[in-house]
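My numbering applies: residue 28 is where the sequence shown begins, and numbers increase by one.
What follows is a single structure, written as structure tokens, with notes after it.
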Amino acid sequence: MVVITGASSGIGRATAHRFAETGARLVLAARRMKPLEAAVRECAKLGGQATAIQADVADPDSVENLARRAIETYGRIDIWVNNAAVALYARIDEGPLEAHCRVIETNLLGYLYGSRIALRIFRQQGCGVLVNVCSATAYVGQPYSSAYVASKFAIRGLSESIRQEVRDCPQIHVCTVMPGATDTPFFQHAGNYMGRVAQPLHPIADARRVAKVIVAAAERPQRTSFVDIARVLPLLKAIAPGWIEAYVGNLVRKRQFRDEPAPASPGNLFEPMAEGDDISGGWREANTGYRRP
Ligand SMILES: NC(=O)c1ccc[n+]([C@@H]2O[C@H](COP(=O)([O-])OP(=O)(O)OC[C@H]3O[C@@H](n4cnc5c(N)ncnc54)[C@H](OP(=O)(O)O)[C@@H]3O)[C@@H](O)[C@H]2O)c1
Numbered sequence: 028m029v030v031i032t033g034a035s036s037g038i039g040r041a042t043a044h045r046f047a048e049t050g051a052r053l054v055l056a057a058r059r060m061k062p063l064e065a066a067v068r069e070c071a072k073l074g075g076q077a078t079a080i081q082a083d084v085a086d087p088d089s090v091e092n093l094a095r096r097a098i099e100t101y102g103r104i105d106i107w108v109n110n111a112a113v114a115l116y117a118r119i120d121e122g123p124l125e126a127h128c129r130v131i132e133t134n135l136l137g138y139l140y141g142s143r144i145a146l147r148i149f150r151q152q153g154c155g156v157l158v159n160v161c162s163a164t165a166y167v168g169q170p171y172s173s174a175y176v177a178s179k180f181a182i183r184g185l186s187e188s189i190r191q192e193v194r195d196c197p198q199i200h201v202c203t204v205m206p207g208a209t210d211t212p213f214f215q216h217a218g219n220y221m222g223r224v225a226q227p228l229h230p231i232a233d234a235r236r237v238a239k240v241i242v243a244a245a246e247r248p249q250r251t252s253f254v255d256i257a258r259v260l261p262l263l264k265a266i267a268p269g270w271i272e273a274y275v276g277n278l279v280r281k282r283q284f285r286d287e288p289a290p291a292s293p294g295n296l297f298e299p300m301a302e303g304d305d306i307s308g309g310w311r312e313a314n315t316g317y318r319r320p
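Spelled out as structure tokens, the structure:
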């Protein structure tokens with residue numbers, strides 16, 4: 028039985044599909060019920076069985092309630108996928124302070140709440156797999172996303188530390204998955220105080236490809252699973268840290284924002300957005316102004 032947070036769109040929803048194809052029983056969590064209920068119907072068509080539960084991962088009581096209802100429904104939790112996250116594009120000295128803090132509350136504390144509950148249940152069961160969906164940004168800093176990048180660096184540390192705590196339980200596994208830029212509504216959902224529309228950097232992976240890596244990590248647990256090109260970043264960071272930092276910084280400055288004005292917006296940080304309720308964000312077909320970084 029699998030719990031996935033952030034299953035109403037993007038990578039979480041694609042992961043729900045992938046698990047459903049294996050006949051899995053699922054609990055799908057997010058704040059938006061309508062897309063979650065659509066995902067439940069999609070999973071049924073694919074051969075799985077899913078239940079939608081509304082949850083705000085930044086609220087520890089809501090995450091407790093999610094775990095309790097998952098246990099009430101299916102009796103156990105075998106795999107917990109921490110995936111729900113938000114993004115914010117703003118300089119650290121600009122954008123509302125509460126927006127920067129909300130990124131940490133959702134992305135880092137949300138994973139901490141989920142990990143804590145999952146591990147408590149896994150210890151009672153004597154087994155379980157925790158999958159923390161992290162990011163290639165967990166290795167190299169980048170400008171205008173400092174809270175987001177900090178949350179992903181921290182998730183890497185959180186996962187490594189929890190893994191050491193469960194060394195006494197060989198049937199409990201803690202895995203991190205590192206995607207690079209992925210075609211999801213993430214960029215439409217992001218809070219944005221840069222004055223220009225945000226877009227992903229190339230190469231842009233299909234969310235279904237990321238889902239495949241997540242399900243593989245859950246089925247054959249590994250410490251860290253990179254999605255394709257994402258594995259290059261830690262290698263370059265180890266070999267040429269100054270060069271890769273400068274390269275990524277220049278790339279973000281040149282390519283992350285379109286020459287199109289965007290009003291200052293908190294995106295989906297505090298309240299979910301109606302738009303972006305599908306797996307894709309339309310980025311692989313979109314003209315992002317360039318093809319290769
Ligand atoms: N797309 C990329 O380029 C990329 C690259 C590397 C890593 N990632 C990671 O992949 C994961 C999934 O992101 P995505 O790309 O699929 O973006 P997405 O489509 O925006 O999905 C984010 C999910 O998180 C949920 N969420 C946000 N705040 C929440 C909250 N407070 N409580 C519960 N659910 C919440 C959203 O649903 P509701 O709004 O309905 O709550 C949505 O289901 C994230 O961890 C992200 O950091 C993405």
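Yeah, the Cβ is synthetic: ideal placement off N, Cα and C, and Gly gets one too.
About 14 Å separates the Cβ atoms of residue 195 and residue 155, ruling out a contact at the 8 Å cut-off. Within 6 Å of the C-beta of residue 309 there is not a single heavy atom belonging to ligand 1.
Where residue 65 is concerned, the enclosing alpha helix (DSSP H) starts and stops at 60–73. Set against 6 Å, the gap from the CB of residue 213 to the closest heavy atom of ligand 1 is smaller. Checking the 6 Å criterion, the Cβ of residue 38 is within range of a heavy atom belonging to ligand 1.
Taking non-hydrogen atoms of ligand 1 into account, the C-beta of residue 299 is found less than 6 Å away from one of them.
Listed in chain order, the non-local C-beta contacts of residue 76 below 6 Å within the same chain comprise 52, local neighbours out to five positions each way being set aside.
Under DSSP, residue 92 takes part in no beta bridge, so it has no partner. Around the beta carbon of residue 212, a 10 Å sphere encloses 16 or more other beta carbons of the protein chains shown; the residue is thus reported as buried.
Annotation note: the stretch 248–273 contains the following uninterrupted alpha helix (DSSP H) runs of length 4 or greater, listed N- to C-terminal: 259–266. Per DSSP, residue 244 is one residue of the alpha helix (DSSP H) stretching across 234–246. Within 6 Å of the C-beta of residue 315 there is not a single heavy atom belonging to ligand 1. For residue 284, the enclosing beta strand (DSSP E) covers residues 284–288.
Here residue 179 is buried, its C-beta having at least 16 other C-beta atoms within 10 Å. Closest by C-alpha distance to residue 239, out of 30, 28 and 39, is 39. Within the same chain, and ignoring the five residues on either side of residue 148 in sequence, the residues whose Cβ sits closer than 6 Å to its Cβ are 104. Residue 280 sits in a helix when the DSSP states are folded into three classes.
In the three-state DSSP reduction, residue 154 falls in the coil class, being neither helix nor strand. Note that the C-beta distance between residue 214 and residue 197 is not below 7 Å. Our two residues, residue 266 and residue 232, have alpha carbons roughly 25 Å apart in a direct line.
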